[in-house]
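Trainee: Dropping a structure here in structure tokens format, bear with me for questions.
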Amino acid sequence: MKRLSILGSTGSIGVQALEVVRAHPDAFQVVALAAGRRLDLLAEQVREFRPQVVSVGKPEGAQELKEWLRGLPVKICFGEEGLGEVAAYPDAQLILLAVVGAAGLKPALAAVRSGKDLALATKEALVMAGALLTSEATARGAKLLPVDSEHSAIFQCLEGGGRAALKRIILTASGGPLRQYPKERLASVTPEEALNHPTWNMGKKITIDSATLMNKGLEVIEARWLFDIDVKRVDVIVHPQSIVHSLIEYVDGSVLAQLSPPDMRLPILYALSYPDRLEHPFPTLDLLQVGSLTFEAVDRERFPCLEYAYEAVAVGGTAPAALNAANEVAVELFLNREINFAQIPQVIEAGLRGHRSRSGESLQDILAVDREVREELSQTYRDKVRQAS
Ligand SMILES: NC(=O)c1ccc[n+]([C@@H]2O[C@H](COP(=O)([O-])OP(=O)(O)OC[C@H]3O[C@@H](n4cnc5c(N)ncnc54)[C@H](OP(=O)(O)O)[C@@H]3O)[C@@H](O)[C@H]2O)c1
Numbered sequence: 212m213k214r215l216s217i218l219g220s221t222g223s224i225g226v227q228a229l230e231v232v233r234a235h236p237d238a239f240q241v242v243a244l245a246a247g248r249r250l251d252l253l254a255e256q257v258r259e260f261r262p263q264v265v266s267v268g269k270p271e272g273a274q275e276l277k278e279w280l281r282g283l284p285v286k287i288c289f290g291e292e293g294l295g296e297v298a299a300y301p302d303a304q305l306i307l308l309a310v311v312g313a314a315g316l317k318p319a320l321a322a323v324r325s326g327k328d329l330a331l332a333t334k335e336a337l338v339m340a341g342a343l344l345t346s347e348a349t350a351r352g353a354k355l356l357p358v359d360s361e362h363s364a365i366f367q368c369l370e371g372g373g374r375a376a377l378k379r380i381i382l383t384a385s386g387g388p389l390r391q392y393p394k395e396r397l398a399s400v401t402p403e404e405a406l407n408h409p410t411w412n413m414g415k416k417i418t419i420d421s422a423t424l425m426n427k428g429l430e431v432i433e434a435r436w437l438f439d440i441d442v443k444r445v446d447v448i449v450h451p452q453s454i455v456h457s458l459i460e461y462v463d464g465s466v467l468a469q470l471s472p473p474d475m476r477l478p479i480l481y482a483l484s485y486p487d488r489l490e491h492p493f494p495t496l497d498l499l500q501v502g503s504l505t506f507e508a509v510d511r512e513r514f515p516c517l518e519y520a521y522e523a524v525a526v527g528g529t530a531p532a533a534l535n536a537a538n539e540v541a542v543e544l545f546l547n548r549e550i551n552f553a554q555i556p557q558v559i560e561a562g563l564r565g566h567r568s569r570s571g572e573s574l575q576d577i578l579a580v581d582r583e584v585r586e587e588l589s590q591t592y593r594d595k596v597r598q599a600s
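Position one of the sequence shown corresponds to residue 212 (the numbering used here), numbered consecutively onward.
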């Protein structure tokens, strides 16, 4: 029985992780949960899975939850401190981090600093602080287990073939909902269109990241840290069916791939059960039904965000943290209809190129950069919108 802490339990990944737990009651036990604002769903999860501790975003939320859960033996905490407690909960053996965005960085560090294995969905934490997180994990003997389907695929392929003769990693991208939109149409894309992903049903932020291809850029940086590989050896190709989740190529030209339906419960299950494999009670791959698998090159002119990720890694230091902050600002401005879709790459470019990178060795440095870039871009773009209206 593996004891789990799940951060972001009310989100897309969190809910699917709990489905996996529900399907394997003899393999997993939930001891701690954390979420932000969706108190009703969290309360239901607490009643079903009976964790010992639970954290919510705000003190008022914690108070409300206490009233709803009166009589249940659960400790209720809140805010950053609560997230930290759930991330390093002594009774947990494995932490699943599925909080969206930069809010995941401190809990990721808390988890690895407590020596616990971390199943990582929150790629933003690795993008912001890859060097720090991986070195702390190595120092404390904590494993970083990928949850992202692409990285799970690479991880599984490497389990089979080892990495001594690895030549390159090929990340697949669905291409997102706007893959076939001409460039001149992008400025008028609405949040509803961009949120309508063809193959994956995910949280809003990652769905917009998929539409801009920034998600693939973040994944290139994630791969750099998870697999300790130069990004020059990480390629991206578009595969609209989302069946081949990624590939690795060896020096002799042999290519290994991992295939499964586009269902996050499989990579979640593998991260939770690793190094074992458990039965997957959900639909499995039927290649005859899929029929054909197609591949195409990324259009880097229409979707420049991918290039910004390579650029951020080349600059190094705090540049990826600046890229991540700029992207989070851009996505929020777009979802609030304060900028149009074609302006998202412009905000990211401004955040990245306007930033003077520093070493990024300490958490304080990284958080300072995150704050500075957010403040500067939010102000600049809100002023621009005000002037234009
Ligand atoms: N969804 C996918 O299929 C998928 C695939 C690969 C990787 N990922 C990665 O997994 C992460 C989560 O994605 P998602 O799609 O599951 O996002 P999501 O549906 O938006 O869920 C985010 C979760 O984080 C919680 N949360 C947000 N801010 C918080 C804070 N400050 N304190 C505590 N909890 C907070 C939310 O709580 P409330 O809702 O209660 O406010 C929710 O439970 C992202 O980094 C994403 O890139 C997702």
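Positions of the beta carbon are idealized from the N, C-alpha and C atoms, including for glycine.
Because the structure is a prediction, the values reported are computed rather than measured.
Is Ser220 a contact residue of ligand 1, with contact defined as CB to any heavy atom under 7 Å?
Mentor: Result yes, Cβ under 7 Å from ligand 1.
Trainee: Does any heavy atom of ligand 1 sit closer than 7 Å to the C-beta of Lys269?
Mentor: Checking every heavy atom of ligand 1 against the Cβ of Lys269, none is found closer than 7 Å.
Trainee: Just to check, is the beta-carbon of Gly414 closer than 7 Å to a non-hydrogen atom of ligand 1?
Mentor: Within the cutoff, so yes.
Trainee: Spatial neighbours of Val540 within its chain, please: CB distance less than 8 Å, with the 5 preceding and 5 following residues excluded, ordered by chain position.
Mentor: Around Val540: Val558, Gly562, Val584, Arg585, Leu588, Ser589 and Tyr592.
Trainee: To which residues of the same chain is Glu296 closer than 6 Å at the C-beta, ignoring the five residues directly before and after it?
Mentor: Once the five neighbours on either side are set aside, the close Cβ partners of Glu296 are Cys288.
Trainee: Examine ligand 1 and report whether any of its heavy atoms sits within less than 7 Å of the Cβ of Val310.
Mentor: It does: the Cβ of Val310 is within 7 Å (strictly closer) of some heavy atom of ligand 1.
Trainee: Could you tell me the alpha carbon to alpha carbon distance between Pro451 and Glu361, rounded to whole angstroms?
Mentor: Spanning the two alpha carbons is a distance of roughly 14 Å.
Trainee: Scan the stretch 320-395 and note each continuous alpha helix (DSSP H) run of 4 residues or more that stays entirely inside, going in chain order.
Mentor: Within the stretch 320-395, the complete alpha helix (DSSP H) runs of at least 4 residues are 334-351 and 360-372.
Trainee: Starting from the Cα of Val231, find the closest Cα among Asn407, Tyr481 and Ser399 and give me that residue.
Mentor: The shortest Cα separation from Val231 among Asn407, Tyr481 and Ser399 belongs to Tyr481.
Trainee: Could you give the distance in angstroms between the alpha-carbon of Gly290 and the alpha-carbon of Met339?
Mentor: Whole-angstrom Cα-Cα distance: 21 Å.
Trainee: Nearest-angstrom Cα distance between Gln210 and Lys334?
Mentor: Because residue 210 is not part of the residues shown, which for the chain are 212 to 600, the question remains open.
Trainee: Please list the segments of the alpha helix (DSSP H) lying wholly inside the stretch 261-313, counting only runs of 4 or more residues, in order along the chain.
Mentor: Those alpha helix (DSSP H) runs which fall completely within the stretch 261-313 and span 4+ residues are 270-279 and 290-298.
Trainee: Can Ile417 be considered in contact with ligand 1, in the sense that its beta carbon sits closer than 7 Å to one or more heavy atoms?
Mentor: At least one heavy atom of ligand 1 is nearer than 7 Å to the Cβ of Ile417, so yes.
Trainee: So does Gly527 have its beta carbon nearer than 7 Å to some heavy atom of ligand 1?
Mentor: No, Cβ of Gly527 sits at least 7 Å from all heavy atoms of ligand 1.
Trainee: Which same chain residues, not among the five before or five after Leu343, have their C-beta less than 8 Å away from its C-beta?
Mentor: The residues are Leu320, Gly571, Glu572, Ser573, Leu574 and Ile577.
Trainee: Please decide whether Glu543 counts as near chain C, where near means a Cβ-Cβ distance under 8 Å.
Mentor: Judged by its chain identifiers, the structure shown contains no chain C, having just a single protein chain.
Trainee: Quick check: what's the CA-CA separation for Arg612 versus Arg248?
Mentor: A question about residue 612 goes unanswered here, because the residues of the chain that appear run from 212 up to 600.
Trainee: Quick check on Ala468: does DSSP put it in helix, strand or coil?
Mentor: Correct three-state label for Ala468: strand.
Trainee: Any heavy atom of ligand 1 inside 7 Å of the beta-carbon of Ala314?
Mentor: Yes - ligand 1 has a heavy atom lying nearer than 7 Å to the Cβ of Ala314.
Trainee: How far does the beta strand (DSSP E) with Ser503 in it extend, from its first residue to its last?
Mentor: First-last for Ser503: undefined, no H or E at that position.
Trainee: When you compare only the Cα positions, how much space is there between Arg258 and Ala246?
Mentor: About 15 Å.
Trainee: Output yes or no for whether 8 Å exceeds the beta carbon distance between Lys414 and Gly282.
Mentor: One detail in the question is off: residue 414 reads as Gly in this sequence, not Lys. No, the pair does not count as a contact, with Cβ atoms beyond the cut-off.
Trainee: Looking at Val431 and Val442, is the spacing between their C-beta atoms short of 8 Å?
Mentor: Yes; because the gap between Cβ atoms is below 8 Å, this pair is in contact.
Trainee: Is Ser223 near ligand 1, with its Cβ less than 7 Å from a heavy atom?
Mentor: Ser223 Cβ: within cutoff of ligand 1.
Trainee: To which residues of the same chain is Pro515 closer than 8 Å at the C-beta, ignoring the five residues directly before and after it?
Mentor: Only Pro556 and Glu560 meet the Cβ criterion.
Trainee: Less than 7 Å between C-beta atoms, sequence neighbours within five positions excluded: which residues of the same chain meet that for Ala398?
Mentor: Only Asn551, Phe552 and Ala553 meet the Cβ criterion.
Trainee: Take every Cβ of the stretch 470-479, pair it with every Cβ of the stretch 352-369, and state whether three or more of those distances are shorter than 8 Å.
Mentor: Yes: at least three Cβ pairs fall under 8 Å.
Trainee: Indicate the three-state DSSP secondary structure (helix, strand or coil) for Leu218 in the structure shown.
Mentor: Note: Leu218 maps to strand in three-state DSSP.
Trainee: Compare the Cα-Cα distances from Glu518 to each of Asp446, Glu507, Ser568 and Val285 and report the closest residue.
Mentor: Answer by Cα proximity: Asp446.
Trainee: Taking just the CA atoms, how far does Ser453 sit from Glu370?
Mentor: Cα-Cα distance, rounded: 21 Å.
Trainee: Grouping DSSP H, G and I as helix and E and B as strand, with all else coil, what is Ser457?
Mentor: The answer is strand: DSSP assigns Ser457 an E or B state.
Trainee: Any heavy atom of ligand 1 inside 7 Å of the beta-carbon of Met339?
Mentor: No; taking the cut-off as 7 Å, the Cβ of Met339 has no heavy atom of ligand 1 nearer than that.
Trainee: Distance, Cα to Cα, Asp497 vs His456?
Mentor: For Asp497 and His456, the distance between alpha carbons rounds to 15 Å.
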